[in-house]
Amino acid sequence: MLTKGSAGNKGSAGKTPPKSTKSARAAMTEKEATAVDDSSVENVYFLNAFPIPNSVLRTSRVCVLSLLMVTGTLEAYTLRLIPIHIYGKVIHEFDPWFNFRASGVPRRARVGCLFPLVRLHELYPLGRPVGTTIFPGLQITSVLIRRALSMLG
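Throughout the sequence shown, residue numbering follows the numbering used here, covering 26 to 178 in sequence.
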C-alpha cells in the first residue's frame with residue numbers, strides 16, 4: 026500500500042516506493058499499486074513472459090520427485106519378476122542359508138575378506154569363488170545393520 030507523507034526512501038524493504046517512481050505510481054489505481062508492492066511471493070518467469078509462483082515450483086518439484094521414486098520402485102520390482110515370468114516359479118539364484126553363512130564371514134573378520142573366499146564344498150572339484158560369483162550388497166548391508174544396532178545397544 027502506498028502511504029502519503031512518509032519520510033525517507035524505504036526502497037523495496039518498506040511499503041513506501043522510492044521518490045523517483047512516486048509520480049509514476051500515482052497514476053496507477055490502488056489495486057495495481059497494492060499488487061506491485063506486495064512482492065512477498067517471488068515469481069519465476071517461464072519464457073520471460075509467464076509468471077510462476079515459487080510455491081507452485083516447490084509443489085511440482087515434490088510431485089516430480091515422488092513420481093520418479095514410485096516409477097523407479099515399480100521398475101525394480103518388475104525387473105526382479107522377469108525370471109519368474111520366463112522360467113516359472115522355480116527357485117534359482119536364491120539360497121538363504123548360503124546368504125546367512127556368507128554374511129557371517131565379514132562380520133567375523135572384515136568386509137574385504139569376502140572376495141577371496143572360495144567354498145570347496147560347492148562346484149566340485151574346483152570350488153566356488155564366492156567373491157566373484159555373488160552380489161555382496163546383502164552381506165555388506167547385514168553387517169552394517171548389525172554394527173549399527175550393536176552401537177545403539
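Backbone N, C-alpha and C define an ideal beta-carbon position, used for all residues, glycine too.
Bridge partners of F71 according to DSSP: F75.
If you draw a straight line from the Cα of S85 to the Cα of N79, it comes to about 10 Å.
T103 and G97 have their C-alpha atoms some 10 Å from each other. Around V69, the same chain offers I77, N79 and L82 as residues with beta carbons nearer than 7 Å, after the five sequence neighbours per side are excluded. For the pair R126 and R172, the Cα-to-Cα distance works out to about 17 Å. In the three-state scheme derived from DSSP, where H, G and I count as helix and E and B as strand, G162 is classed as helix.
Distance from the CA of F160 to the CA of C88, rounded to the nearest whole angstrom, comes to 33 Å. Taking a contact as a CB-CB distance under 8 Å, the pair V168 and S128 counts as one, their CB atoms being some 7 Å apart. The straight-line gap separating the alpha-carbon atoms of K114 and P108 is approximately 9 Å. A distance below 7 Å separates the beta carbons of L163 and N124. In the structure shown, G178 adopts coil according to DSSP, grouped into three states.
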